[in-house]
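**Q**
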Amino acid sequence: PNSFFILLFFTVATEDDKIVGGRECTPHSQPHQVSLNSGYHFCGGSLVNEYWVVSAAHCYKSKMDIVLGDHNRWFMDGNEQIIRASSVIPHPNYESWLVNNDIMLIKLSEPATINQYVKPVALPTSCAPAGTMCTVSGWGVTMSSGEYQILQCLNIPILSKEDCDNSYPGMITEAMFCAGYLEGGKDSCQGDSGGPVVCNGELQGVVSWGFGCAEKNHPGVYAKTCIFTEWLQSTMATY
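Mature numbering (1 follows the signal peptide of the UniProt record, and there is no 0) puts the sequence shown at residues -16 to -1, 1 to 223.
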């Protein structure tokens, strides 16, 4: 039974990451969206101030570049900024086997230039209730054959804790929430792991995990940013 769980978990973690049922974002409508890059795009993230990016802890690499202001990944239009990461700080209580507390801070080696293409998103002032509509965005990662060159957006509702628990019995912690559609057909499928879920102008979620892709009763699971605001603020103040 153990090997079955590991095998099952492996298929969860390495599922193709792409937004299904979404649409191309209006160019530069998500100016907080960044790409984590180590010679290739491997995760998304969100700029929260000129020096700091929030992503998922499962996206950890010690060395990376952050690409800001991008829309079409195959075409440089001159609005991009590429800045090296100087510190990469996963949450101290991140548990990889549960994908729990799946949040991470990345400090930029120099401040981002804030303009219409590159703009921070606010951290949450409180947790968003079930039913709140949010936007998840991403390109889909390069290990899947179906990644997108143009940034994709999808509007999804936050689901109730009950619907979330029923979709993933025994797997949902206080640090997670589900969003999307139980009937399937639309999902972030881990959109870009680490990417933003923005509700009413606040970063309420970080794309974390899920089963399959846009499957019935398997909505996307996201790290619940609102319970981490204290850790985020104090860490940013320390480094």
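Idealized CB from N, CA, C, for every residue including glycine.
Please identify the residue among V205, Q217 and S22 whose C-alpha is closest to the C-alpha of A106.
**A** For the purposes of this step, residue 106 is taken as residue 122 along the sequence shown, with counting starting at 1. Cα-wise, what sits closest to A106 is Q217.
**Q** What residue range does the alpha helix (DSSP H) around D147 cover?
**A** Along the sequence shown, one-based indexing puts residue 147 at 163. That run of the alpha helix (DSSP H) goes K145 to S151.
**Q** Per DSSP, what kind of secondary structure is L20 in: helix, strand or coil?
**A** As a working note, residue 20 is residue 36 in the sequence shown. Three-state result, L20: strand.
**Q** In terms of DSSP beta bridges, what is L166 paired with?
**A** Counted from its first residue, the sequence shown places residue 166 at position 182. None, per the DSSP bridge assignment.
**Q** Taking the alpha-carbon of S22 as reference, which of K47, V102, W36 and I87 has the nearest alpha-carbon?
**A** Indexing the sequence shown from 1 puts residue 22 at position 38. Measuring from the Cα of S22, the nearest candidate turns out to be K47.
**Q** Going by the DSSP bridge assignment, what does L52 pair with across the sheet?
**A** The sequence position of residue 52 within the sequence shown is 68, counting from 1. Looking at the DSSP assignment, L52 forms a beta bridge with V18 and Q65.
**Q** Strictly by DSSP, which residues pair up with F161?
**A** Along the sequence shown, one-based indexing puts residue 161 at 177. Y206.
**Q** Quick check: what's the CA-CA separation for F212 versus I134?
**A** Here the question's residue 212 lines up with position 228 in the sequence shown. Here the question's residue 134 lines up with position 150 in the sequence shown. Approximately 30 Å between the Cα atoms of the pair.
**Q** When the distance is taken between beta carbons, is K91 closer than 8 Å to Y35?
**A** Along the sequence shown, read from residue 1 onward, the residue named residue 35 stands at position 51. Along the sequence shown, read from residue 1 onward, the residue named residue 91 stands at position 107. Cβ atoms of Y35 and K91: closer than 8 Å.
**Q** Can you find at least 3 beta carbon pairs, one from the region 25 to 42 and one from the region 187 to 195, that sit closer than 8 Å?
**A** The region 25 to 42 is in contact with the region 187 to 195.
**Q** Do I67 and I50 have their C-beta atoms closer together than 8 Å?
**A** Reading the sequence shown from its first residue, position 83 is the one you call residue 67. Reading the sequence shown from its first residue, position 66 is the one you call residue 50. The answer is yes: Cβ separation under 8 Å.
**Q** Going by CA-CA distance only, name the one from S110, G53 and N85 that's closest to G185.
**A** Position 201 of the sequence shown, counted from the first residue, corresponds to residue 185. G185 has its Cα closest to that of S110, out of S110, G53 and N85.
**Q** Check whether the region 137 to 149 touches the region 113 to 125, taking contact to mean three or more Cβ pairs, one atom from each stretch, closer than 8 Å.
**A** As far as the Cβ criterion goes, the region 137 to 149 touches the region 113 to 125, which means the pair count is three or higher.
**Q** Using CA atoms only, rank isn't needed, just tell me which of S13, L31, A114 and N201 is closest to N56.
**A** As a working mapping, residue 56 is identified with position 72 in the sequence shown. Taking only the C-alpha atoms, the option nearest N56 is S13.
**Q** By how many angstroms is the C-alpha of L166 removed from the C-alpha of M160?
**A** The residue labelled residue 160 in the question sits at position 176 within the sequence shown. The residue labelled residue 166 in the question sits at position 182 within the sequence shown. Going by the C-alpha atoms only, they are around 17 Å apart.
**Q** Kindly indicate which three-state DSSP category I211 falls into: helix, strand or coil?
**A** The count along the sequence shown starts at 1 and reaches residue 211 at position 227. I211 falls in the helix class under three-state DSSP.
**Q** What span of residues does the beta strand (DSSP E) with V38 cover, start to end?
**A** Within the sequence shown, residue 38 is the residue found at index 54, counting from 1. Start and end: W36 to S39.
**Q** Closer than 7 Å by C-beta to N201: which residues in its own chain qualify, once you throw out the five before and the five after it? Chain order, please.
**A** What you label residue 201 is simply residue 217 of the sequence shown in a count that begins at 1. Counting only Cβ-Cβ distances below 7 Å, and skipping sequence neighbours, we find S151 and L166.
**Q** When burial is assigned at 16 or more other CB atoms within 10 Å of the CB, is D61 buried or exposed?
**A** Walking along the sequence shown from the start, residue 61 turns up at place 77. By the neighbour-count rule (16 or more Cβ atoms within 10 Å), D61 is not buried but exposed.
**Q** Name, in chain order, the residues that DSSP records as bridge partners for M33.
**A** To locate residue 33, count along the sequence shown from 1; it is residue 49. Before going further, note that residue 33 is Asn rather than Met in the sequence given. Its beta-bridge partners are W36.
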